[in-house]
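Here's the structure we're looking at; comments come further down.
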Amino acid sequence: MRGCGDSDSPSRCSQYALSIIARDVASLITLLGRDKAHLVCAGAGGQVGWYMCYHYPQLVAKMVLIHAPHPYVIRQHINARWTNYLKSWYLYFVRLPLLPEWAAHFSDNVMVDQMLAPLVAAKAVTEDEVDAYKFTFSRRGKAVTKTTVF
């Protein structure tokens, strides 16, 4: 996925458009020589999955969604009450220029510790894995990707 891990990080937010990310996934499926793929999508990746099903149905055999409601449902929920905008602040925050990366780097990636603390407590993630996330996110352009499209 663009901007994640060791992949190239586009310089413009427009290069993270849902249509471009989905085209990347479609190209990967084709490059791997597959006719169809089983997509397992979580969170914002679910939006990519929904887009794939609508625009590239010939490439999707099955789709499994984890915490990824249909885009219409998300919009309806957020628009139902003004307080839902406040509860969904992070969806808008990650799309801001520079600020999300600064926040992710602030105080030795304390944000990473906070996000992964429940998983560490449940022994689902080790301290070494937390350090690996911190290393990845500490590199310029790798802390936040602009893939959250709602």
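For what it's worth, the UniProt record's numbering labels the leading residue of the sequence shown as 1, then goes sequentially. Where is the CB? At the ideal position from N, CA and C, for every residue including glycine.
Local conformation of K87 per DSSP, three classes: Against the sequence shown, residue 87 aligns to sequence position 87. Helix at K87.
Separation of N79 from P71, as counted between CA atoms: One-based indexing of the sequence shown puts residue 71 at position 71. One-based indexing of the sequence shown puts residue 79 at position 79. Going from the Cα of P71 to the Cα of N79 covers about 12 Å.
Coarse secondary structure for T147, derived from DSSP in three states: Taking the first residue of the sequence shown as position 1, residue 147 is located at position 147. Only weak support exists for where T147 lies, its pLDDT of 47 falling under 50; the value from the coordinates is given anyway. In the structure shown, T147 sits in coil (DSSP, three-state: anything other than H, G, I, E or B).
Anticipated Cβ contact below 8 Å, L28 with Y51, distance rounded: Position 28 of the sequence shown, counting from 1, holds the residue named residue 28. Position 51 of the sequence shown, counting from 1, holds the residue named residue 51. Not confirmed; about 14 Å, so no contact.
Spatially closest choice to K134 from I74, Q114, K123, S9, by CA coordinates: One-based indexing of the sequence shown puts residue 134 at position 134. Checked all of I74, Q114, K123, S9; the closest Cα to K134 is Q114.
Whole-angstrom distance between A121 and V48, CA atom to CA atom: As a working note, residue 48 is residue 48 in the sequence shown. As a working note, residue 121 is residue 121 in the sequence shown. So the alpha carbons of these two residues sit roughly 30 Å apart.
Beta-carbon proximity check, G46 vs A68, cutoff 8 Å: Taking the sequence shown and counting its residues from 1, one reaches residue 46 at position 46. Taking the sequence shown and counting its residues from 1, one reaches residue 68 at position 68. Result yes, Cβ atoms of G46 and A68 sit closer than 8 Å.
Reduced DSSP category for M1 - H, G, I as helix; E, B as strand; rest coil: Locating residue 1 in the sequence shown gives position 1, counting from the first residue. Of the three classes helix, strand and coil, the one that applies to M1 here is coil, per DSSP.
Simplified DSSP state of Y56, which is helix, strand or coil: The residue you call residue 56 lines up with position 56 of the sequence shown. DSSP places Y56 in coil when its eight states are reduced to three.
The segment 82-93 / the segment 54-67 touching (three or more Cβ pairs under 8 Å): Between the segment 82-93 and the segment 54-67 there are fewer than three C-beta pairs closer than 8 Å, too few to call the two in contact.
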